[in-house]
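*Asks:* The structure that follows is given in the form of structure tokens.
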Amino acid sequence: MTDTAVHPHAARPDGTKPPGRQGRGVTQGAGSGSPLLRLFGRRLLMTIPLLLAISVLVFVLLEMMPGDPARNQAGMDASEEQVEAVRQRMGLDRPAPERYFGWLFGLFRGDLGQSSVSGQPVADMIADRAPVTLELVVLAFVVSLGIAIPVALMAARKPGGLFDRATMVVAMTMLAVPNFVLAMLLVLVFAITLQMLPAIGFVPLEDGLVPNLRSVAMPVLALAVPLAAFYTRFLRGDLVEQMNSADYVDTARSKGVRPGLVLWLHAFRNSSFGLLTIVGLNIGTLVGGTVIIEQIFAMPGMGMMMLEGAMSQDVAVVQMCVFIFAAVAVLANLVVDLMYAVLDPRIRYGSH
Amino acid sequence: MNTIPRRKGPRRGLLGTLALAASLSLVLAGCGGGEPNAEGQATEAAATVGEPQTGGDLTVLLDAGFAGGWSTGLDPATSNTVGANMPQNSAIFGGLFTLEADENGENAEIVPNQAESYEFSEDGLTLTVKLREGITFSDGSPLNADAVVWNWIRALSSGSTGTPQLDLDLTREMPELDQQFLDDLYAALPEDVDQAVIEQRLGAVQAVDDLTVEIHFSVANGAFVNAMPSTSLNFVGSPTAYQELGADQYSQAPVAAGPFTVDANRLSERLELTRNEDYFRDGLPYLDELSFQSVAGDQVLYQTLQAGQGDAIEGLSSVTLIEQAQENPNLTTTLGAPTSPYVIQLNTRKAPFDDKKAREAIYYATDFEAINEGLFGGQGDMSQSFTASGGLFHQQEVEGYRTYDPEKARELVEEIGGLTVELGTTDIVTARQVTTALQTQWQDAGIDVTIDSKPLGDVITKFTSGEWESMLQTAGAWEPAAGIGVAVRFGSTSPFSGTPLPEGAETATQALEENLNTELDEVLTNAASTVDQEERGDLYKQAAKMISDEAYGPFGMAFSPAQVVRKGVHGPGLTTPIPALVVNSGVLYDRVWVEQ
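Sequence order for the protein chains is A and B. Quick note on the working numbering: the first sequence kicks off at 162 and runs consecutively. Quick note on the working numbering: the second sequence kicks off at 10 and runs consecutively.
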């Protein structure tokens, strides 16, 4: 959000031209002047040093992990000779800087390296697993927003009313429950008691939409429910504030617009800035959540791959997973910034 | 791909759900314990079991942190998890030898399986293994002596941590071998292999005729066959298939002569197997299909079984969940025959345990019986030495062993002017619970205790650094000389031992280089290298007495993980106990069957 310097509620950013049809920013912005493209390019360039810094950090952290990964792999009763053979196979007999730069230069050549444990190409492993995590993350967002937006709108219609209070209690409870506990409770109810959904495993989309959705239903819910609770609380609070204090709300009311329409057409549009910011910031949390959730539901995704990689100090695997997760988080925030322009034509990106 | 079929299972009412939810929260909070269960080992042996039936399929759930992890593949010569992957390896390779026991888990013995017999020479330096006639791998090629030599040389030369350390007689000349055999062998070995070493090994491991293999040792190895079922040497695969498939594909789907063949393999996730129609035992295996599903942790393992997505759990270790399973009428729970007791290793090489009185105080202050009752519901098996009742050379009692006597402990602590101790352990729930209980007991005896609970990697580092005072670990295996056996914990040159160094040695490395030994080392070495089992028993008795007399570490209860299966599943190692060779029991999957 650095370039935009837009407060979520900045309905009237200083120095911008008044809104008008000609100013419907995105198309114009993406045109010959291309401030939007410039922003996009600059952001993409900024991600490179960021990702490099992350890769160094991850490497250093993995190096600092206690214990000898070769000995861990080999086991307690392995001889020194066997441990050395494992060390060699894992490439750990080379100095750390050589290993890091070897990995980095390989990356520039498009070679993501090989798992030091299984020997599989990391690119193949990611290609195999990314769709699982992607599906979980996308569905979790859709479900969480699908729950949060209508619930928050209904709660904000009558602040302090029964529905508002009830949703607050539920949302606070859901916020207090860690997602792995929620996951186990879901399994208890839907897999063990009601026998409606499978407790573990992933069915790919090509094996049928319904089996696929059944297999991801509980992991998605475990990821989405705490998020939905958070979004609901945030959006509801913001909507109430808008309805109570914003001038444009008074104007709309004085024109005789029905309260429901004011809430939906005016207040919600403004509040969506704040929600977007939160959603963007939450990408990292959500992707991080998949690490545990995939483990619990035996979903063969990138979260599980990263955890296994971290446990065995498989540098190439962990580096690529973190790299991808970080890139997704950066890009998601960029998309959020671009969405501001779509939602608010008054905003001029890159304008001075 | 990953479709996991659901089975019809019992539905649990609301009360049951609430009860489960309550127990779930207990487990999540890390509070084990619960009411002692008097049933002890649930034994199917006592129940009436009908005749085995052919057909059906079985999904076995394995803990992702142990048997359910096979990220280095399933080629025994290159896998780093051969021992942990006993379930998969037994199903695919079968094994030259198996460990089998009576229905109650007693009288366990090594039984030739694909081997027909074995015999040690009188001096114990040569082992002759005869193979059964007519066994073929599932690709049709023969399981003969050449195939065994090819597999063993690969296992010894490819860096697998599943290969035991052997003292081979490397002075023997390599016999004349077919050039094609040698070419095929070298093609399957690492590129940087030393040809001279391979030739020495080919001198030590020889095919005498089509069905006979000889292995020559420089020092007699009485534990070799006993230890074999959990090592890579037991699992013989098809050399022809390796040549056709190449290293990577062979590691994914090895071709062997076991009861099942590989259908699909997603490393450390799911392994799907189909019945081997050419299996050498008539009428076996009973099952048409067998799958292994990797699942994260005991709680999820148990929930998955309850949800009907699995038929069996191999190695459930949470005491709370085992108790729940024992009370569940739809499940059969079988505790394995315990082999490895807890031991508190005391580091005699530094203070405070360089003082024997401090070590004696620990013996007197420790009440493992109470811990067994409180934490394990009395189900653990008490031991005063390094093997429990399921293991070879078990001794229920060791003469002169110092039992719980807090008064004596207090006196000793006072005599040495107080005792402050750091107690280390591996960071797993049960071990943490035991250390907490020990802390309370020791504090009662006036000993100040701090607990240092760390992941396995850190524990290994701490051991190798020598900077530790006391460690709660488990000792032994079915065969005390195998795996993390008694010499690993009490041999003076082991990096995981705190017993005194031999006279004249400053470090374990120096002792190794100069071949210096303690008296205990010599007894343990002789026990491992003697072929006469009776003599071995006497030597291990001596070793247990020496450990006890010198107060190197008190032993506690041995607790074996449970096999939990849904009703209607039967089989040796699943519903009748078989002692764990190292950590897990070797289930005989060719004889596992399900009621149709």
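From the three backbone atoms N, C-alpha and C, an ideal C-beta is built for every residue, glycine too. Nothing here was measured: the structure is a model prediction, and the numbers come from that model.
1. Does the beta carbon of leucine 495 of chain A sit closer than 8 Å to a beta carbon anywhere in chain B?
2. Please list the segments of the beta strand (DSSP E) lying wholly inside the segment 509-571 of chain B, counting only runs of 3 or more residues, in order along the chain.
3. In chain order, what residues of the same chain have a beta carbon less than 8 Å from the beta carbon of valine 401 of chain A, not counting five sequence neighbours either side?
4. Mind checking who lysine 463 of chain B pairs with in its DSSP beta bridge?
5. Which of the three DSSP states, helix, strand or coil, is assigned to phenylalanine 106 of chain B?
6. Measuring only between beta-carbons, confirm whether serine 474 of chain B sits less than 8 Å from chain A.
7. Name, please, each residue of chain A whose Cβ falls closer than 7 Å to the Cβ of alanine 313 of chain B.
8. DSSP puts leucine 70 of chain B in a beta bridge; with which residues?
9. State the start and end residues of the unbroken beta strand (DSSP E) segment that holds valine 120 of chain B.
10. Ignoring anything shorter than 4 residues or poking outside the segment 122-178 of chain B, list the alpha helix (DSSP H) runs there in chain order.
11. Find the residues of chain A that neighbour serine 300 of chain B, judging by a C-beta separation of less than 7 Å, and give them in chain order.
12. Taking only beta-carbon atoms, is serine 277 of chain A less than 8 Å away from chain B?
13. With DSSP as the reference, please indicate the residues paired to valine 338 of chain A in a beta bridge.
14. Taking only three categories from DSSP, how would you classify glutamine 62 of chain B?
15. Please list the residues of the segment 241-261 of chain A that have a C-beta atom closer than 7 Å to any C-beta atom in chain B, keeping them in chain order.
16. For asparagine 89 of chain B, decide whether its Cβ has a neighbour in chain A, counting only Cβ atoms nearer than 8 Å.
17. Got a sec, what are the start and stop residues for the beta strand (DSSP E) tyrosine 351 of chain B sits in?
18. Taking all protein chains shown into account, do 16 or more other C-beta atoms lie within 10 angstroms of the C-beta of serine 474 of chain B, making it buried, or fewer, making it exposed?
19. Is there a Cβ from chain B that is less than 8 Å from the Cβ of methionine 463 of chain A?
20. Skipping 5 residues on each side, what residues in its chain have a beta carbon closer than 7 Å to that of tryptophan 602 of chain B?
21. What does the alpha-carbon distance come out to for the pair proline 458 of chain B and lysine 366 of chain B?
22. Does the segment 296-307 of chain A come close enough to the segment 374-392 of chain A to have 3 or more Cβ pairs within less than 8 Å?
23. Counting along the chain, where does the alpha helix (DSSP H) carrying asparagine 431 of chain A start and finish?
24. Do isoleucine 587 of chain B and glutamate 112 of chain B have their C-beta atoms within less than 8 Å of each other?
25. Can you tell me which of the three DSSP states serine 594 of chain B falls into?
26. Alpha carbon to alpha carbon, how far is glutamine 315 of chain B from isoleucine 453 of chain A?
27. Using DSSP bridges, identify the partner residues of serine 479 of chain B.
28. Please tell me whether leucine 35 of chain B has its Cβ less than 8 Å away from any Cβ of chain A.
29. Is it buried or exposed, glutamate 522 of chain B, if we count other Cβ atoms within 10 angstroms and call 16 or more buried?
30. Compare the beta carbon distance of valine 478 of chain A and valine 283 of chain A with 8 Å and say whether it is the shorter of the two.
31. Using 8 Å as the threshold, is the segment 555-569 of chain B in touch with the segment 405-420 of chain B, meaning 3 or more CB pairs across them?
32. Starting from the Cα of cysteine 482 of chain A, find the closest Cα among A:Val448, A:Ala493, A:Asn494 and give me that residue.
33. Measuring CB to CB, does phenylalanine 484 of chain A end up less than 8 Å from isoleucine 215 of chain A?
34. Are the C-beta of arginine 210 of chain B and some C-beta of chain A separated by less than 8 Å?
35. Against arginine 275 of chain B, what residues of chain A qualify as contacts under a CB-to-CB distance less than 9 Å, listed in chain order?
36. What are the residues of the segment 137-171 of chain B that lie near chain A, defined by any Cβ-Cβ distance shorter than 7 Å?
*Replies:* In brief:
1. Answer no: the Cβ-Cβ gap between leucine 495 of chain A and chain B never drops below 8 Å.
2. Look at the segment 509-571 of chain B and you find these whole runs of beta strand (DSSP E), each 3 residues long or longer: 564-567.
3. Closer than 8 Å at Cβ, skipping near neighbours: Ala317, Pro320.
4. In DSSP, lysine 463 of chain B forms a bridge with B:Thr435.
5. In the three-state DSSP reduction, phenylalanine 106 of chain B falls in the strand class (E or B).
6. No, no contact with chain A.
7. Before going further, note that residue 313 of chain B is threonine rather than alanine in the sequence given. Chain order gives the chain A residues near threonine 313 of chain B as Ala360, Ile361, where near means a beta carbon separation below 7 Å.
8. Looking at the DSSP assignment, leucine 70 of chain B forms a beta bridge with B:Gln302, B:Ile322.
9. Annotation: the continuous beta strand (DSSP E) that includes valine 120 of chain B extends over 118-121.
10. Entirely contained in the segment 122-178 of chain B, the alpha helix (DSSP H) runs reaching 4 residues are, in chain order, 154-166.
11. The premise fails here: serine 300 of chain B is roughly 11 Å from chain A at the closest Cβ pair, so nothing lies under 7 Å.
12. Not one chain B Cβ lies under 8 Å of serine 277 of chain A.
13. Answer by DSSP bridge pairing: none, since valine 338 of chain A is not bridged.
14. In the structure shown, glutamine 62 of chain B falls within a coil segment according to DSSP collapsed to helix, strand and coil.
15. Residues Gln243, Ala246, Val247, Arg250.
16. So, interface residue.
17. For tyrosine 351 of chain B, the uninterrupted beta strand (DSSP E) segment begins and ends at 350-355.
18. Around the CB of serine 474 of chain B, fewer than 16 other CB atoms lie within 10 Å, so the residue is classed as exposed.
19. Not closer than 8 Å to any Cβ of chain B, the Cβ of methionine 463 of chain A fails to qualify, so no.
20. Cβ within range, chain order: Pro61, Gln62, Tyr295, Leu296, His579, Gly580.
21. Reading off the sequence shown, one finds valine at residue 458 of chain B, where the question assumed proline. Taking the straight line from one Cα to the other gives about 17 Å.
22. The segment 296-307 of chain A is in contact with the segment 374-392 of chain A.
23. Counting along the chain, the alpha helix (DSSP H) containing asparagine 431 of chain A begins and ends at 429-457.
24. Not in contact: isoleucine 587 of chain B and glutamate 112 of chain B (Cβ atoms no closer than 8 Å).
25. Strand, per DSSP.
26. The straight-line gap from Cα to Cα measures roughly 21 Å.
27. Serine 479 of chain B pairs with B:Leu355, B:Leu432.
28. Because the pLDDT of leucine 35 of chain B is 31, which lies under 50, any placement of that residue in the model is unreliable, and the number read from its coordinates should be weighed accordingly. So, not an interface residue.
29. Exposed, because fewer than 16 other Cβ atoms sit within 10 Å of the Cβ of glutamate 522 of chain B.
30. Yes. Within cutoff.
31. Segments in contact, yes.
32. If we check each option's Cα against that of cysteine 482 of chain A, A:Val448 comes out closest.
33. With respect to the 8 Å criterion, phenylalanine 484 of chain A and isoleucine 215 of chain A are classified as neighbours on the basis of their beta carbons.
34. False, the Cβ-Cβ gap to chain A never drops below 8 Å.
35. Simply Asp289, Pro461.
36. Residues passing the 7 Å Cβ filter: Gly168, Thr170.
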